[in-house]
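Q: What follows is a structure written as structure tokens; I'll ask about it next.
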Amino acid sequence: MAGRRLNPEERAVWSRVVASVRRAAGVLPVIEATPDAPPHKLTCVKAKAPVVAPAPKPARPPVPVAIKAGVTLDGSWDRRIASGGAAPERTVDLHGCGVDQAHRRLLRELDLALADEIRVLLVVTGKAPKSDASRIDLPLRGIIRASIHDWVAASRHAGQIAAIRPAHPKHGGAGALYLILRRSKMGAVARQY
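Quick look at the structure:
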């Protein structure tokens, strides 16, 4: 025990224990301290600290652009989506992907969809968690679906997304989302001629 000295009886028992132990081959002998000797006083020497340049401040992450539901689409779009008339021109299936893989795949497909001037992109995410999915032994569900808005808002294409809406049941319902893309200005000019 630290903090107290051994009494004579305990010291005698300890001496017998120490005497009964043999040193292992190749191990240096243990130097025993006398119990009545005062401990050596250690002196500390302060070393000069090396001069270190201050770390640069981390770059600020881009401010995500909020994509508000219902603000960017007119009534005809909302009716088309509600009736299932908004047919997706391309589908991205993220169901079964890991979170990082799904993020990379969504951004890659978004790049391609914007380059091809697609208006409706269907993103299959899988269904959101059920209310009884709070058990610890089950894997987390719905992380990809919950992250889509944040991923799109933080991407360089945030300004080119008109809206994100739940998909019609014939296109996946609760397990999918529509990404409604804005028309490109260059494409609109070309369509006029």
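All the letters of the sequence shown, read from the start, carry residue numbers 1 to 193 under UniProt numbering. We put the CB at the ideal spot given by N, CA and C, even for glycine.
Residues in its own chain within less than 6 angstroms of E109 by CB, not counting five upstream and five downstream?
A: Here residue 109 refers to the residue found at position 109 when the sequence shown is read from its first residue. Around E109: V92.
Q: So what does P169 bridge to, in DSSP terms?
A: Along the sequence shown, one-based indexing puts residue 169 at 169. According to DSSP, P169 bridges with nothing at all.
Q: Mark S15 as exposed unless 16 or more other C-beta atoms lie within 10 angstroms of its C-beta, in which case mark it buried.
A: Within the sequence shown, numbered from 1, the residue matching residue 15 stands at position 15. Answer is exposed; the Cβ neighbour count stays below 16.
Q: Just to confirm my understanding: we take R80, look at its own chain, exclude 5 residues before and 5 after, and list those with CB closer than 8 angstroms. What are they?
A: Locating residue 80 in the sequence shown gives position 80, counting from the first residue. Closer than 8 angstroms at the Cβ level, and outside the excluded window around R80, lie A86.
Q: Closest to P166 by CA distance: which of D78, C97, E89, V13 is it?
A: Counted from its first residue, the sequence shown places residue 166 at position 166. Cα-wise, what sits closest to P166 is D78.
Q: Excluding five sequence neighbours on each side, which residues of the same chain lie with their C-beta closer than 8 angstroms to the C-beta of G96?
A: Numbered from its first residue, the sequence shown carries residue 96 at position 96. Excluding positions up to five away in sequence, the list reads G126.
Q: On the three-state DSSP scale, how would you describe A69?
A: Looking up residue 69 in the sequence shown gives position 69. Because the pLDDT of A69 is 47, which lies under 50, any placement of that residue in the model is unreliable, and the question is left without a value.
Q: What residue does the beta strand (DSSP E) around V120 start on, and which one ends it?
A: Residue mapping note: residue 120 aligns to position 120 of the sequence shown, counting from 1. Counting along the chain, the beta strand (DSSP E) containing V120 begins and ends at 120–124.
Q: Just the C-alpha distance for L145 and R104, rounded to the nearest angstrom, thanks.
A: Stepping through the sequence shown from its first residue, residue 145 is reached at position 145. Stepping through the sequence shown from its first residue, residue 104 is reached at position 104. Before going on, a small fix: residue 145 reads as Arg here, not Leu. About 14 angstroms.
Q: Could you tell me whether the Cβ atoms of P169 and V120 are closer together than 8 angstroms?
A: As a working mapping, residue 169 is identified with position 169 in the sequence shown. As a working mapping, residue 120 is identified with position 120 in the sequence shown. In this structure, V120 does not lie closer than 8 angstroms to P169 by Cβ.
Q: Starting from V92, follow the alpha helix (DSSP H) in both directions and report where the run begins and ends.
A: Taking the first residue of the sequence shown as position 1, residue 92 is located at position 92. From DSSP, V92 is part of no alpha helix (DSSP H) but of the beta strand (DSSP E) over 90–93.
Q: Between the beta-carbon of L177 and the beta-carbon of A162, is there less than 8 angstroms?
A: The residue given as residue 177 occupies position 177 in the sequence shown. The residue given as residue 162 occupies position 162 in the sequence shown. Result no, Cβ atoms of L177 and A162 do not sit closer than 8 angstroms.
Q: Am I right that L122 and G172 are in contact with their C-beta atoms under 8 angstroms? What's the rounded C-beta distance?
A: Mapped onto the sequence shown, residue 122 falls at position 122. Mapped onto the sequence shown, residue 172 falls at position 172. Contact holds; Cβ gap of about 7 angstroms.
Q: Closest to D111 by CA distance: which of G75, H157, V124 is it?
A: Locating residue 111 in the sequence shown gives position 111, counting from the first residue. With distances taken between Cα atoms, D111 lies closest to H157.
Q: Please state whether the Cβ-Cβ distance between L107 and S155 is less than 8 angstroms.
A: Residue mapping note: residue 107 aligns to position 107 of the sequence shown, counting from 1. Residue mapping note: residue 155 aligns to position 155 of the sequence shown, counting from 1. Result yes, Cβ atoms of L107 and S155 sit closer than 8 angstroms.
Q: At the level of alpha carbons, what is the spacing between A69 and A102?
A: Counting from one through the sequence shown, the residue named residue 69 turns up at place 69. Counting from one through the sequence shown, the residue named residue 102 turns up at place 102. Low per-residue confidence applies at A69: pLDDT is 47, beneath 50, and the placement is therefore not dependable, though the value from the model is reported in the following sentence. Straight-line Cα distance between these residues: approximately 23 angstroms.
Q: Using the DSSP secondary-structure output, state which residues sit across from A176 in a beta bridge.
A: Here residue 176 refers to the residue found at position 176 of the sequence shown. V124, per the DSSP bridge assignment.
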